[in-house]
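Q: Order-wise, the sequence lines are chains A and B.
Per our numbering, residue 477 is the first one in the first sequence, and the count goes up by one each step.
Per our numbering, residue 10 is the first one in the second sequence, and the count goes up by one each step.
We put the beta carbon where it would ideally sit given N, CA and C, even for glycine.
Because the structure is a prediction, the values reported are computed rather than measured.
Please read through the structure below; I'll follow up with questions.
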Amino acid sequence: MKPYAITGLGLVSPIGVGYDAFRRALGKSPAAAEVFRGQPTVLSQERIPDAVAAEVWGFDAREYLGKKGLRNFDRLTKFLIVSAKQALLDAGLKRDGAHLVPPERLGLCSATAYGSLDVISEMAKVAALEDPRFMNPGKFPNTVINSAAGYVSIWEDLRAPNVTVVDGNCGSLDAVLTAETHLMNDRADAFLIGGGEALSEPLYLAFRKLSLLSEGGRCFRPGHPESEGTRLGEGAAYFALEAAPFARTRGASVRAEVVGYGNVVEPPESEAVLVHGSSRAVSRALQMALSDASLAPEQIDLVVSSAAGVGTFDAPELSGIQAAVGDVPVAAPKAYFGETLGAGGALAMAAGLAWLEGAPVHVQIAGRSLGPLKHVLVLALGYYGNASAVVMRAAN
Amino acid sequence: MTRVFVTGLGVVSSLGFGRDQFWRSITEGATGFSPIEGFDSTDLGREVAGEVKGFVARDFLTAAEARRMGRCSAYSLAAARMAVTDAGLTDQHLAGERTSVIMGTTMGEADVIAELEDAWIHRGPDAIDAQKIPRYGTTLLPIHLARAFGARGMAQTLPAACAAGNYSVAHASDLIRSGRADVVITGASELLQRIQFAGFVRLGAVAPDRCQPFDKNRKGLIVGEGAGVLVLESEAHAVRRHATPLAEVGGYGIACDAHHITRPHPDGEGSYLAMMDAISRTGVTPADIDFVNAHGTGTHHNDRVESQVMHKVFGDRSIPISSMKSMLGHCMGAASALEAVACVMTVQTGVYPPTVSYETPDPECDVNLVANQAGRGPAEVVLNNSLAFGGYDAVVAFARPGRVPAQAPAVQ
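If you want it as structure tokens, here you go:
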């Protein structure tokens, strides 16, 4: 692919709202961030007792968006709007609320894995325990998976294509391809790409029922064999992506570039299996991304993995990385903010950017010693044999 | 840039399974409306929907497939199998990384989550069957298909609400034009389900028993369900295997109103931009468009705004338009996929589907409607219009193969 410039980003994460806070947190160990600090406020102790998860503690959208117009927004929508606002400002696409690039030329591609689960759950409870006629019509649109991204376009007035992508944990990396396609075909001048996921009771309960969680003293060490489960997190991140000449012409500062993308899905060996992590999918996605970027494996300085602490996924991911790029250093940023599913790829790209910009890597889990970073491969592994990869390059 | 051909069609609908049965019912002006059997809706005051009746998953799926997927995916896979057979494609053609699957939906596996929620709400967390949890992911729709056909390219879900079918076809055509895929199995699938049915009722959008798009006395939409799947192929791939293209995918336009989460822009700004973009990227002018398969939900706002946009795009020309939602209901995510199937059939046959139940002209909807009986006319280039929650506007052009320029100019 042609290189595309990252000219700005915005994010909401358990380790900080805004890239500066996020990057500062990466400067210390994951433990120092103290995000797994007891019962999350969004999970009822009565219904989901003794939960351990990385909430965006103390998040109040009013601090960033003002008090008006938020009534019907769910948590995911608020994460997305805050992230988009920051990214547009950081990229110089908007200033003081005014567009510096016309709204018809600004698009959005947003990923989520389980976007509207909490609202669907809330509606189901009202319908079952009260009466379906009591369902709040103002909140009903939130049951539609793309509504959160739709609200972003409304709030920020973005009128070029608005696309929501669902590809499990891989979606926010897939957003790169959507943006590339629309930018290449002159459907927009700049695209916000990324994704979000909000912690919710049904989501937590599902992971608990599947015994995937590190709770009750079980070890959480993404990418390490002793890890006994994952911890859920939440958040969102958007990057402003634009063709390098357009960014140069408007005088935008380029933080890094996206230069390659790969995606593949591999079936399991057994007909009886549905959930599986595919080592082959990992290596093929990495190889495709490298080929797309016209790079050799030895030119990759760091792989930002999606290792999240569940051995049945971390192990095939690490073996797939090894098969595709050999003894390259591998980092596991989810040690900081947990498994954020649809937001995972975007937050991993944010970590990748921070590391390209010189932040210390405290969560290396494999590979040779780290040297200077020029090319970073960001990886996402899905639960159904899907994997995506994106190559980021440091700004000149 | 390569041409993108449609070479196969598959349908699961309230008007039958497979393109032939579906198209026969559509052109006869049949309606798929019936009392809802899937859940009790009497307390909502609306009891009619375009519900798919008589669908047996095992008629289309293996036992293992039927066990591991919800009904939304089962509709998708059934329609996809029909489309692949229609296209004359074999596993040998489809296996590998050059085949991708892009599917649209609004709520995906809604029956799976409803069952899980029901257990949790009424019987507590211990009653939830953990085995069923992994079947919920919306991401599964294309993954089940990819697995069934051995496709190893991109497998992606585009949840673009009621424009999801057009979004999927559009992005699938991009994958082929950009050289990232040779074949893409694409379309959309949606279930009729109690929560979302109740939501539409609460929005005051559901008519009592029939859907009358563009009629002065229209009372809203009828909720429907189903799946429409199209096989798209690069020209080179289709030629190599001597396939006969049914239609060509022209350009598309996608815009966002950025106005309101459920209502269209009052002047149809995004809809107009999307239509004009689809036309110019097809390499034609509005004068070349023969027919528009309209979004036409039967709601007051949509039909009024869509009529205005027709005038804005086509000027004084009285272009024939029609809404299949009068027969199928609003199949939400699947709607524009089923309409895309019909657009291909219109290109094939020169037959325009009718808008049934049309009685009273509305001065605010002054359009050349194909009213009550199927029409016939030129069908060299047709448009498929869709609008959706989120302010989405998506329009895809379908054309007789070879009719439009291979390399459409980009719009500046």
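Based on Cα-Cα distance, which residue from Leu255(B), Met10(B), Ala123(B) and Thr364(B) lies nearest to Leu241(B)?
A: Taking the second sequence and counting its residues from 1, one reaches residue 241(B) at position 232. For Leu241(B), the nearest C-alpha among the options comes from Leu255(B).
Q: From the DSSP output, which residues share a beta bridge with Ser109(B)?
A: As a first step, residue 109(B) must be located in the second sequence, where it is residue number 100. DSSP lists Val193(B) as partners of Ser109(B).
Q: Taking Gly821(A) as part of the alpha helix (DSSP H), name the residues at either end of that continuous run.
A: By 1-based counting over the first sequence, the position of residue 821(A) is 345. Counting along the chain, the alpha helix (DSSP H) containing Gly821(A) begins and ends at Gly820 to Leu832.
Q: By Cβ distance, which residues of its chain are closer than 7 Å to Leu686(A), with the 5 residues on each side in sequence left out?
A: Counting from 1 along the first sequence, the entry for residue 686(A) is found at position 210. Answer for Leu686(A): no residue qualifies.
Q: Going by C-alpha distance, which of Ala600(A), Gly542(A) and Val780(A) is nearest Phe610(A)?
A: Within the first sequence, the letter at position 134 stands for residue 610(A). Of the listed residues, the one whose Cα sits closest to Phe610(A) is Ala600(A).
Q: For Phe300(B), report the span of its beta strand (DSSP E) as first-last.
A: Mapped onto the second sequence, residue 300(B) falls at position 291. Note, Phe300(B): beta strand (DSSP E), Phe300 to Asn302.
Q: Taking the straight line between their C-alpha atoms, what separation do you get for Ser505(A) and Tyr495(A)?
A: Stepping through the first sequence from its first residue, residue 505(A) is reached at position 29. Stepping through the first sequence from its first residue, residue 495(A) is reached at position 19. Taking the straight line joining both Cα atoms gives about 17 Å.
Q: Which residue comes first and which comes last in the beta strand (DSSP E) that contains Leu53(B)?
A: Working through the second sequence from its first residue, we reach residue 53(B) at position 44. Note, Leu53(B): premise wrong, no beta strand (DSSP E); not H, not E.
Q: Look up Lys561(A) in the DSSP assignment and say whether it is helix, strand or coil.
A: As a first step, residue 561(A) is located in the first sequence; it is residue number 85 there, counting from the start. Helix.
Q: Exposed or buried, Val576(A), counting other C-beta atoms within 10 Å across all chains shown (16 or more means buried)?
A: Within the first sequence, residue 576(A) is the residue found at index 100, counting from 1. The displayed chain sequence assigns Leu, not Val, to residue 576(A). Exposed: under 16 other Cβ atoms inside 10 Å.
Q: So, with DSSP's three-state summary, where would you put Ala181(B)?
A: If you number the second sequence from 1, residue 181(B) lands on position 172. Of the three classes helix, strand and coil, the one that applies to Ala181(B) here is helix, per DSSP.
Q: Under the three-state reduction of DSSP, which class applies to Gln421(B): helix, strand or coil?
A: Here residue 421(B) refers to the residue found at position 412 when the second sequence is read from its first residue. Residue placement at Gln421(B) cannot be trusted, given a pLDDT of 31 that sits under 50; what the coordinates show is reported in the next sentence. Three-state result, Gln421(B): coil.
Q: Opposite Val390(B) in the DSSP bridges: which residues?
A: Numbered from 1 along the second sequence, position 381 holds the residue referred to as residue 390(B). According to DSSP, which records beta bridges pairwise, Val390(B) is partnered with Ala408(B).
Q: What three-state label does DSSP hand Asp297(B) in the structure shown?
A: Numbered from 1 along the second sequence, position 288 holds the residue referred to as residue 297(B). Here Asp297(B) sits in helix by DSSP.
Q: Report all residues from its chain with a CB closer than 7 Å to the CB of Ala509(A); omit the five preceding and five following residues, and keep chain order.
A: As a first step, residue 509(A) is located in the first sequence; it is residue number 33 there, counting from the start. So the qualifying residues of the chain are Ile491, Ala501 and Tyr812.
Q: Spatial neighbours of Tyr680(A) within its chain, please: CB distance less than 7 Å, with the 5 preceding and 5 following residues excluded, ordered by chain position.
A: Translated into the one-based positions of the first sequence, residue 680(A) becomes position 204. Excluding sequence neighbours, Tyr680(A) sits near Leu519, Ile524, Ala527, Ala529 and Leu708.
Q: Please say whether Ala92(B) and Gly17(B) have beta carbons closer to each other than 7 Å?
A: Locating residue 17(B) in the second sequence gives position 8, where the first residue counts as 1. Locating residue 92(B) in the second sequence gives position 83, where the first residue counts as 1. Yes.
Q: Using a Cβ-Cβ cut-off of less than 9 Å, list which residues of the region 696-721 of chain A approach chain B; keep chain order.
A: Within the region 696-721 of chain A, no residue has a Cβ that lies closer than 9 Å to any Cβ of chain B.
Q: Taking only beta-carbon atoms, is Glu522(A) less than 7 Å away from chain B?
A: As a first step, residue 522(A) must be located in the first sequence, where it is residue number 46. Chain B, which has no Cβ nearer than 7 Å to the Cβ of Glu522(A), makes this no.
Q: Quick one: Cα of His274(B) to Cα of Tyr627(A), how far?
A: As a working mapping, residue 274(B) is identified with position 265 in the second sequence. As a working mapping, residue 627(A) is identified with position 151 in the first sequence. If I take the Cα positions, the gap works out to 14 Å.
Q: At least one CB of chain A closer than 7 Å to the CB of Thr99(B): is that the case?
A: Here the question's residue 99(B) lines up with position 90 in the second sequence. Cβ-Cβ to chain A under 7 Å: no for Thr99(B).
Q: Can you say whether Met10(B) is buried or exposed, counting buried as having 16 or more other CB atoms within 10 angstroms of its CB?
A: Locating residue 10(B) in the second sequence gives position 1, counting from the first residue. Met10(B) comes out exposed.
Q: Assuming contact is defined by CB atoms lying nearer than 7 Å, are Gly133(B) and Arg227(B) in contact in what I supplied?
A: Within the second sequence, the letter at position 124 stands for residue 133(B). Within the second sequence, the letter at position 218 stands for residue 227(B). In this structure, Arg227(B) does not lie closer than 7 Å to Gly133(B) by Cβ.
Q: Could you name each continuous beta strand (DSSP E) segment of 3 residues or more that falls completely within the region 267-339 of chain B, going from the start of the chain to the end?
A: Complete beta strand (DSSP E) runs here, min 3: 300-302 and 329-331.
Q: Please report whether the beta-carbon of Pro372(B) lies at a distance below 7 Å from any beta-carbon of chain A.
A: Residue numbering aside, residue 372(B) sits at position 363 when the second sequence is read from its first letter. Answer no: the Cβ-Cβ gap between Pro372(B) and chain A never drops below 7 Å.
Q: By Cβ distance below 7 Å, which residues in the same chain neighbour Gly861(A) in space, the five residues on each side in sequence not counted?
A: Here residue 861(A) refers to the residue found at position 385 when the first sequence is read from its first residue. Same-chain partners within the cutoff: Val741, Glu742, Pro743, Pro744, His752, Ser754 and Ala757.
Q: Could you pull out every unbroken alpha helix (DSSP H) segment of at least 4 residues lying fully inside the region 60-88 of chain B, listed in chain order?
A: Whole alpha helix (DSSP H) segments, 4+ residues: 72-77.
Q: Given 8 Å as the limit, is there contact between the region 194-212 of chain B and the region 767-786 of chain A, that is, 3 or more CB pairs closer than that?
A: Output reads no: the region 767-786 of chain A does not touch the region 194-212 of chain B.
Q: Determine the DSSP secondary structure at Gly342(B), reduced to helix, strand or coil.
A: Translated into the one-based positions of the second sequence, residue 342(B) becomes position 333. Helix at Gly342(B).
Q: Can you name, in chain order, every residue of its own chain whose Cβ lies under 6 Å from the Cβ of Ala119(B), other than the five neighbours on each side?
A: Translated into positions along the second sequence, residue 119(B) becomes position 110. Contacts found: Leu200 and Gln202.
Q: Please name the residue, chosen from Leu766(A), Pro637(A) and Ala682(A), that lies closest to Ala136(B) on a Cα-to-Cα basis.
A: Position 127 of the second sequence, counting from 1, holds the residue named residue 136(B). Residue Ala682(A) is the option with its Cα nearest to Ala136(B).
Q: Throw me the rounded Cβ distance for the Cys352(B) and Asn302(B) pair, which I believe falls under 8 Å.
A: As a working note, residue 352(B) is residue 343 in the second sequence. As a working note, residue 302(B) is residue 293 in the second sequence. About 5 Å; that satisfies the 8 Å criterion.
Q: In terms of residue numbering, what span does the beta strand (DSSP E) encompassing Glu242(B) cover?
A: Residue numbering aside, residue 242(B) sits at position 233 when the second sequence is read from its first letter. Element bounds for Glu242(B): Gly235 to Ser243.
Q: Just the C-alpha distance for Pro836(A) and Ser845(A), rounded to the nearest angstrom, thanks.
A: In the first sequence, residue 836(A) corresponds to position 360, counting from 1. In the first sequence, residue 845(A) corresponds to position 369, counting from 1. Near 13 Å, if we compare the C-alpha coordinates of Ser845(A) and Pro836(A).
Q: Taking C-alpha atoms, which residue in Thr294(B), Tyr261(B), Arg385(B) and Ala72(B) lies nearest to Ala403(B)?
A: Here the question's residue 403(B) lines up with position 394 in the second sequence. Nearest option by C-alpha distance: Tyr261(B).
Q: Buried or exposed: which applies to Arg12(B), given that a residue is buried once 16 or more other Cβ atoms fall within 10 Å of its Cβ?
A: The residue labelled residue 12(B) in the question sits at position 3 within the second sequence. Counting Cβ neighbours within 10 Å, Arg12(B) comes out buried, since at least 16 surround it.
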